[in-house]
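Right, here's the structure in full:
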């Protein structure tokens, strides 16, 4: 059994926002925790261009902050939202959400 690599949260976010060489959104797999505590997995997702912020870059609804709007390619390009804090894995890499807060000070 192979050991899964741990990546920082900012790396996972960059991967999900990235485009391929042709300028199309890159496709990823994501594992996440749902709000009810159960685990979800989507095999083929990419970033969505729906409901992007306006020219000012400000989102009117603050409830949509800290979320990714993604498209599920397995279900007829169905859009869905995932809270960044609930992401567990991207492309099989475990996400470290701590950002070094619990690092030893010795």
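Numbering (our numbering), first residue to last: 809 to 914.
Quick reminder that beta carbons are idealized off the backbone N, C-alpha and C, glycines included.
Check whether the Cβ atoms of residue i and residue j lie closer than 8 Å to each other.
i: residue 878; j: residue 890; result: yes
i: residue 815; j: residue 901; result: yes
i: residue 855; j: residue 824; result: yes
i: residue 852; j: residue 882; result: yes
Let me know the secondary structure DSSP gives residue i once reduced to three states.
i: residue 853; result: strand
i: residue 828; result: coil
Where residue i and residue j are concerned, what is the direct C-alpha to C-alpha distance, given to the nearest angstrom?
i: residue 895; j: residue 813; result: 15 Å
i: residue 829; j: residue 835; result: 12 Å
i: residue 888; j: residue 880; result: 7 Å
i: residue 822; j: residue 898; result: 11 Å
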